[in-house]
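Here is the structure we will look at.
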Amino acid sequence: MTQNGPSRRLFLKLAALLGAGAAVRPDTLLARGTPSGRTVNTFNGLRAEGPRPLSIASANGLGATQRAVERMRAGEDTLNAVIAGVNIVENDPEDMTVGYGGLPNEDGIVELDSCVMHGPTMRGAGVAALRNIKNPSLVAKTVMERTDHVLLVGEGALRFARAHGFREENLLTDAAREEWLRWKENLSAKDDWLPPHTSEDRDIGALHEFEMQREAEMERPTGTINCLGVNEAGEVSGVTTTSGLAFKIPGRVGDSPILGAGLYVDNAVGAAGSTGRGEANLQSLASFLIVERMRQGDAPTDACLFACRRIAEQTKMKRLLDEQGRPAFNVNFYALNLRGEHGAASIWSGRTYAVNDGGESRLLDTAYLYERP
Ligand code: ASP
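If you read the sequence shown in my numbering, its first letter stands for residue 2, the second for the next number, and so on.
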């Protein structure tokens, strides 16, 4: 495979989507010591009241936040507004981390996770491991509105969606299938799946080794969209939607569809959501934690950093740590409060988040615990 082959293209696309390489503004950061002696940075600003309506999202949410604010301005309910925003990304085959065109599970089947929360009524619901329906956020909203349940998964979620007239379609695009195939062909030199080669190639073993090395050097693709909104009246809602961890074990559920993990909203406080390694967030329920920290008076950015620090401190398994004992993965948190203040933080630097408070959406740097080498 050449430098411009699908894996390189995917990497670049993911890097752009995830905002990798964005600069951190040191003037807005304060160094802080932690009990473990690690250096932590935090923002010291962003406490002033912000304009509303306001929407924030993960870095792939420039269009989503724009649409959410337009809808809130037009008087639409906050939940409908943020869902309309993320529908753009769910329907976009170019975003290989969400909805249609998302990267599949290890069997090559796309399985989607999503949840929604509506602040004014303090209700929420999720769907997980949902196949064939490209807008799991709308199915989650329907679970909230048309059942007494909070979470539907797998076959049950699909049957429920069918009953409500959601159209089934094949969500696996050719681009996503090719990425899956490349991953599968480079998992092991001992199985029967071979990397692409021509009739002239005599040394498939060497080819395999080269491709497997490159595969190992690439981070496992992840991605999601989380979008939060607060309107002029101080009503808050949020949504998270994803195809989850690429090439996951079928049935694996991440943090995105779980209330308290991938999303939490409290109309008395604000909202928080996440992207990144779902397994870490599922064990810390960080969105709930962030909202509770904001309830105690934390600014959104500080609350997000608190959650990052909690995850760093709770990560004990060697295989998940780098040589310096820091998490060898990333998580990103986004939060806003009723007053229109917002912030975001990641374990590792170089990430951005989307903000719209009227006019054009823009990307801001997230605060972080550790500078990426
Ligand atoms: N949090 C998602 C999951 O674990 C993936 C991601 O955001 O990258 O399913």
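Beta carbons: idealized from backbone N, C-alpha and C, even for Gly.
Given this structure, state the Cα-to-Cα distance separating LEU290 from ALA272, to the nearest angstrom. Translated into positions along the sequence shown, residue 290 becomes position 289. Translated into positions along the sequence shown, residue 272 becomes position 271. Straight through space, the alpha carbons of ALA272 and LEU290 are spaced by roughly 11 Å.
Where does TRP209 sit, in a helix, a strand or coil, going by DSSP? To locate residue 209, count along the sequence shown from 1; it is residue 208. The amino acid occupying residue 209 in the given sequence is His; Trp does not appear at that position. The three-state secondary structure of HIS209, taken from DSSP, is helix.
Which residues DSSP lists as bridging SER350, in chain order: Position 349 of the sequence shown, counted from the start, is the residue given in the question as residue 350. DSSP lists no partner for SER350.
For GLU201 and LEU264, the rounded distance between their alpha carbons: As a first step, residue 264 must be located in the sequence shown, where it is residue number 263. As a first step, residue 201 must be located in the sequence shown, where it is residue number 200. Near 52 Å, if we compare the C-alpha coordinates of GLU201 and LEU264.
Range covered by the beta strand (DSSP E) that runs through GLY326: Locating residue 326 in the sequence shown gives position 325, where the first residue counts as 1. It is not in any beta strand (DSSP E) - GLY326 carries neither H nor E in the DSSP assignment.
Whole-angstrom distance between ASP193 and ILE57, CA atom to CA atom: Here residue 57 refers to the residue found at position 56 when the sequence shown is read from its first residue. Here residue 193 refers to the residue found at position 192 when the sequence shown is read from its first residue. Each residue's alpha carbon lies about 46 Å from the other.
Taking its Cβ as the centre, do 16 or more other Cβ atoms sit within 10 Å of ILE205, making it buried, or is it exposed? Position 204 of the sequence shown, counted from the start, is the residue given in the question as residue 205. Flag for ILE205 reads exposed.
How big is the Cα-Cα spacing for ARG294 and ILE312? The count along the sequence shown starts at 1 and reaches residue 294 at position 293. The count along the sequence shown starts at 1 and reaches residue 312 at position 311. A direct Cα-Cα distance of roughly 15 Å separates ARG294 from ILE312.
Neighbourhood of the ligand ASP [Cβ distance below 7 Å to any heavy atom], ordered by chain position: THR98, ASP114, THR223, GLY224, THR225, THR243, GLY245, LEU246, GLY255, ASP256, SER257, GLY263, SER275, THR276, GLY277, ARG278, GLY279, GLU280, ASN282
For LEU131, does the three-state DSSP call read helix, strand or coil? Within the sequence shown, the letter at position 130 stands for residue 131. Here LEU131 sits in strand by DSSP.
Tell me the rounded alpha-carbon separation between GLY76 and ASN331. Working through the sequence shown from its first residue, we reach residue 76 at position 75. Working through the sequence shown from its first residue, we reach residue 331 at position 330. Looking at the two C-alpha atoms, the distance is approximately 36 Å.
Identify which residue in VAL111, MET145, LYS319, LYS142 has its Cα closest to the Cα of LEU131. Taking the first residue of the sequence shown as position 1, residue 131 is located at position 130. Cα-wise, what sits closest to LEU131 is VAL111.
Work out the CA separation of GLN325 and MET118 for me, nearest whole Å. In the sequence shown, residue 118 corresponds to position 117, counting from 1. In the sequence shown, residue 325 corresponds to position 324, counting from 1. Those two C-alpha atoms are separated by around 38 Å.
With H, G and I counted as helix, E and B as strand and the rest as coil, what does DSSP make of LEU283? Against the sequence shown, residue 283 aligns to sequence position 282. In the structure shown, the three-state DSSP call for LEU283 is helix.
Secondary structure, alpha helix (DSSP H): runs of 4+ residues fully inside the region 47-120: 63-74, 79-91, all fully within the region 47-120.
Once DSSP output is grouped into helix, strand and coil, what is the label at VAL380? Given a span of 2 to 374 for the chain in the structure shown, any question on residue 380 remains unanswerable.
Beta carbon of VAL240, beta carbon of SER115: below 8 Å? Position 239 of the sequence shown, counting from 1, holds the residue named residue 240. Position 114 of the sequence shown, counting from 1, holds the residue named residue 115. Contact flag set, yes.
Where does GLY230 land, buried or exposed, given buried means 16+ other C-beta within 10 angstroms? Taking the first residue of the sequence shown as 1, we reach residue 230 at position 229. Result: buried.
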